[in-house]
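Below is one structure, written out as structure tokens, with a few remarks after it.
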Amino acid sequence: GPKVLQIPSHQIIDMGQMVTLNCDPVSNHLYFYWYKQILGQQMEFLVNFYNGKVMEKSKLFKDQFSVERPDGSYFTLKIQPTALEDSAVYFCASSLAGQNTEVFFGKGTRLTVV
Amino acid sequence: TQTVSQSDAHVTVFEGDSVELRCNYSYGGSIYLSWYIQHHGHGLQFLLKYYSGNPVVQGVNGFEAEFSKSDSSFHLRKASVHWSDSAVYFCAVRVGGSALGRLHFGAGTQLIVIP
Numbered sequence: 134g135p136k137v138l139q140i141p142s143h144q145i146i147d148m149g150q151m152v153t154l155n156c157d158p159v160s161n162h163l164y165f166y167w168y169k170q171i172l173g174q175q176m177e178f179l180v181n182f183y184n185g186k187v188m189e190k191s192k193l194f195k196d197q198f199s200v201e202r203p204d205g206s207y208f209t210l211k212i213q214p215t216a217l218e219d220s221a222v223y224f225c226a227s228s229l230a231g232q233n234t235e236v237f238f239g240k241g242t243r244l245t246v247v
Numbered sequence: 010t011q012t013v014s015q016s017d018a019h020v021t022v023f024e025g026d027s028v029e030l031r032c033n034y035s036y037g038g039s040i041y042l043s044w045y046i047q048h049h050g051h052g053l054q055f056l057l058k059y060y061s062g063n064p065v066v067q068g069v070n071g072f073e074a075e076f077s078k079s080d081s082s083f084h085l086r087k088a089s090v091h092w093s094d095s096a097v098y099f100c101a102v103r104v105g106g107s108a109l110g111r112l113h114f115g116a117g118t119q120l121i122v123i124p
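Listed in order, the protein sequences are those of chains E and R.
247 is the number that the working numbering gives the last residue of the first sequence; the numbers go up by one with no jumps.
124 is the number that the working numbering gives the last residue of the second sequence; the numbers go up by one with no jumps.
This is the structure:
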């Protein structure tokens, strides 16, 4: 089936540094999402993105976070600067459109901030 | 407060047993319900969804779920589990009225199937 690819699968970074997480969504999808999952806890919505804009974001989407998808390339989540509490698995997702369409998830990027 | 509640954090059964994983929600209006499975160290894999029509929906690998508006529930069931069904199962609600509706996840239920 359709796949969402996330690169890298693991990332270790020093606190205060910048990190960019990359996502290659399903090719014809129009809506993109980032979710955060701290180890052993539930999935939490961060942000959704459509037509080049952030449409909705949660309280977890701090000012240090940003997303973009320049020219149809990777959909990226950038954290600058990183903090220890940013350590989590970040899942990218995409959907075609509409509320009753399936949302496809990537395998996640495990971010460890040290 | 709008919530998705999965009352059982862990469920343990033997291979071949039937299982029901419970999901209740408190959102009103039109909603889109789904279940996902997450094997250890992997991402979410879609199992099934409900938006309208027949309240019993079939998914992959023999899973089915039943929507009940009166109970605000969307419980997941399987008649005969296999050891490979061991994973964490997440119920998710997508609120209607917007194509951008985000998924609200429950806390997950870890299913352990003893061979």
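Using N, Cα and C, we set each Cβ at its ideal position, and we do this for glycine too.
Rounding to the nearest angstrom, what Cα-Cα distance links V69 (chain R) and L85 (chain R) in this structure? 12 angstroms
Pop quiz: V246 (chain E) and M148 (chain E) are said to be a contact at Cβ under 8 angstroms. What is the actual Cβ separation, rounded to whole angstroms? 5 angstroms
A226 (chain E) to V28 (chain R), Cα distance in whole Å? 29 angstroms
Which one of R:T118, R:K78 and R:S95 has the shortest CA to CA distance from G37 (chain R)? R:K78
Is P158 (chain E) buried or exposed, if buried means 16 or more other CB atoms sit within 10 Å of its CB? buried
Where the beta strand (DSSP E) containing W92 (chain R) begins and where it ends: Segment: none, W92 (chain R) is in no beta strand (DSSP E) and carries neither H nor E.
Helix, strand or coil: how does DSSP classify D80 (chain R) here? coil
Skipping 5 residues on each side, what residues in its chain have a beta carbon closer than 6 angstroms to that of A116 (chain R)? Q15
In the DSSP output, which residue or residues are listed as bridge partners for V247 (chain E)? According to DSSP, which records beta bridges pairwise, V247 (chain E) is partnered with nothing at all.
Is the CB of N181 (chain E) under 7 angstroms away from at least one CB in chain R? yes
Alpha-carbon spacing of H51 (chain R) relative to A96 (chain R), whole angstroms: 10 angstroms
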